[in-house]
Structures are given as C-alpha cells and as structure tokens.
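Protein chains in written order, with UniProt numbering: chain E, 1 to 151; chain Y, 1 to 151.
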DNA sequence: ATTCGATAGATGCAATTGCATCAAGCTTGA
DNA sequence: TCAAGCTTGATGCAATTGCATCTATCGAAT
C-alpha cells in the first residue's frame, strides 16, 4: 500500500463525520432507551421486514441491508422471534434456509419505535438544515457509499 | 414530546449518514485488523494524549474528547497501560485522580496506526470528493454537531 | 450416484460493553 | 470539624459482540 496522508480538508471532514455520526446514534439510542423501547438495530430489521411484506426475507438478504454480521443477524432474529415480533418459516426450495416474516406485533413495535425515532431524527437533523442543505448532504454522502450513488 | 415525522429529505440524509458512517468505520477497522494494528479507539486516545503533550490528560478530560463512556475509558487506559503505551501519574492536588501521559512506545504505535488509518481516510474519503466538496460536507456536519459549529 | 466445495444459518467460547455500584477523596456549609 | 453530597475512577456481573467453527443442505463435476 502506498503511504499517503490525507489532505487537511479530508481529515477535517472525516473527523466531523466520525464525531457527528456517533453523537447522533448515541443520542437516539438514549432517547429510545429512556422511552423503554428496543435499540436501533431492532428498528432496522423490523423496517426491512415490513417493507418486504408478506413474502418476508431470508436472513442472508437482511445481512447486507442492515450491515450486520451474520452471527449478529442470527442472534437478533432469535431475540425478535422470542419476543413474537417475527416468525421463521421454512422455505420450500432450500432445506437449509428460512424465511423471516414480521408479525402484527412486530409491525406495532416498529410503529412505536418510529414515533420516537422519527422525532429524534427531526430534532437532530431536520431542524438544523434546510431542505436544500439536506439534499446536498445526502448527495455528498452518497458518493462515499459503497457502492457510490452518483445522482 | 410532540409527535413529528421528519421530511423525506431528512430521512434520506439520515439514512445515508447512518449507512456511510458505519461502512467507513467498518472498512477502516478491517484494514487496521488486517494490518495487525489495534482498533480505532486506541488511536483516538493516543492521538488526544499526543496532542496534550507532556502534561498529559486526566481520564475525565479524555471522556468527552473521545466520546467514550467513563468505564470504557477506564478499561481502555488499563489496556494501554498494560501494553506500555501510556503511563499513569498521580496528580498532586487531587488524591482521587491521575494524569495519563503517552509514552515513547505509545507515540510510535500511534504513528504506525496513522500510516494505515490515514491511507484509509484518503482512500475512502479524500479520493472521492474535491476539496471544495469536503469543505461543504464538513460545514454541514458541523451544524449537526453538539455543540454546533457555525462557521 | 458420489464426492467435493460452497452456502445458510447456528453456536461455544473469549473479549468487550453496559449497567449499577463502589471506594476514596474532595468541597461545602452548619 | 464533621456530616452530606459531589466527583473521580474502578469493578462485579450480565448482556452483547467477535471469532472460529460446526451442521446441514445445496450444486456441480465426475
């Protein structure tokens, strides 16, 4: 690997990104906890499953959507199932796999988390930047994504 | 709390921020691990201590600088001390406290981490945005910080 | 059909984190 | 000066994460 030092602007932007994202996550997690709600990761999974509809999702599909490690998804799903928020169905054409589907209780929990999470997002981000600034921010971040989004 | 739903632009920017920051951290941690180097949190602490110079820092000062919980800092410092990267000195005017100072070995480790970390930053961020874009990004993120930076 | 490698998901064990609480020392105020 | 409360830092214990590995099934090549 070529030894390279990033420019001062790069370092500054990187530092801000690291600090801000951690602050935002931490505050949001705190708010959820204070409200007696489960952590963000639960929301992410319930959200993906709600979007997937009745067909549900295979665990391995969930893995890249929510950016969690395989064993993390496996155990998170076990907890969600134990709480009755998702159900696991055998899948006909692959004996190894399963399909995970959100239950009505899961949808309700997702809704309750969103009431708090959405307010937190509005509070921490929506109130601080204009619509145009938000779009600029999203576009710049999209270029850092993998795969990049060049809009 | 007033029930509020964030605007679509807000949600989009939030989603990108969450995803991108996690991707960047994960890739960087992977790179460090592959290089046989300690995790990012070690760098953060060593960096702050290096900047603090010979005077060192009190653990509680480190807490807000690196955004770690008190018990996390306590244990991380114990590990750094065990590795000889920092040293703890009693502080004269407060019998409870201590001053933590980076050692030469700590400076060397910091340098070695930076060689890889800096390259990762350049790779993941510096190469993808222009200087002007980086400044825009940093400014927008600064407004989300707590306390906000209005430049 | 049988073997071999790849994929899906689970899990034992060690390390780390989070929570609650502790001990020790400081500060304030009667 | 002494009690009450605050601050600093550490730690026991439970929950979570990370790593490595396991089992089961699939698919492809022979």
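The beta-carbon is built from N, C-alpha and C at its ideal position, and this holds for glycine as well. Please read these numbers as outputs of a predicted model, since none were measured by experiment.
Cβ-based neighbour list, residue i, same chain, cut-off 7 Å, excluding 5 preceding and 5 following
| i | result |
| --- | --- |
| residue 107 of chain Y | 50 |
| residue 30 of chain E | none |
| residue 47 of chain E | 110 |
Residue i burial status per 10 Å Cβ neighbour count (16 or more: buried)
| i | result |
| --- | --- |
| residue 71 of chain Y | exposed |
| residue 10 of chain E | buried |
| residue 110 of chain E | buried |
| residue 136 of chain Y | buried |
| residue 6 of chain Y | buried |
| residue 138 of chain E | buried |
| residue 131 of chain Y | exposed |
C-beta contact flag for residue i and residue j at 9 Å
| i | j | result |
| --- | --- | --- |
| residue 21 of chain Y | residue 22 of chain E | yes |
| residue 116 of chain E | residue 17 of chain E | no |
| residue 84 of chain Y | residue 105 of chain Y | yes |
| residue 86 of chain Y | residue 100 of chain Y | yes |
| residue 129 of chain E | residue 129 of chain Y | no |
Close-in-space but distant-in-sequence residues of the same chain around residue i (CB under 6 Å, 5 per side omitted)
| i | result |
| --- | --- |
| residue 24 of chain Y | 124 |
Straight-line Cα distance separating residue j from residue i
| i | j | result |
| --- | --- | --- |
| residue 92 of chain E | residue 32 of chain E | 38 Å |
| residue 66 of chain Y | residue 41 of chain Y | 8 Å |
| residue 150 of chain Y | residue 140 of chain Y | 9 Å |
| residue 75 of chain Y | residue 35 of chain E | 29 Å |
| residue 90 of chain Y | residue 80 of chain Y | 17 Å |
| residue 102 of chain Y | residue 113 of chain Y | 15 Å |
| residue 82 of chain Y | residue 69 of chain Y | 20 Å |
| residue 44 of chain E | residue 26 of chain E | 16 Å |
| residue 122 of chain Y | residue 56 of chain E | 39 Å |
| residue 61 of chain E | residue 4 of chain Y | 31 Å |
| residue 146 of chain E | residue 63 of chain E | 15 Å |
Contact test: residue i Cβ vs the ligand MN heavy atom, cutoff 8 Å
| i | result |
| --- | --- |
| residue 88 of chain Y | Judged by which ligands are present, the structure shown has none, so any question about the ligand MN falls away. |
Residues near residue i in its chain [Cβ-Cβ closer than 8 Å; skip 5 each side]
| i | result |
| --- | --- |
| residue 142 of chain E | 148, 149, 150 and 151 |
| residue 134 of chain Y | 125 and 126 |
>> Using a Cβ-Cβ cutoff of 7 Å, what residues of the stretch 26-39 of chain Y are near chain E? List them in chain order.
In response: The residues in question: there are none.
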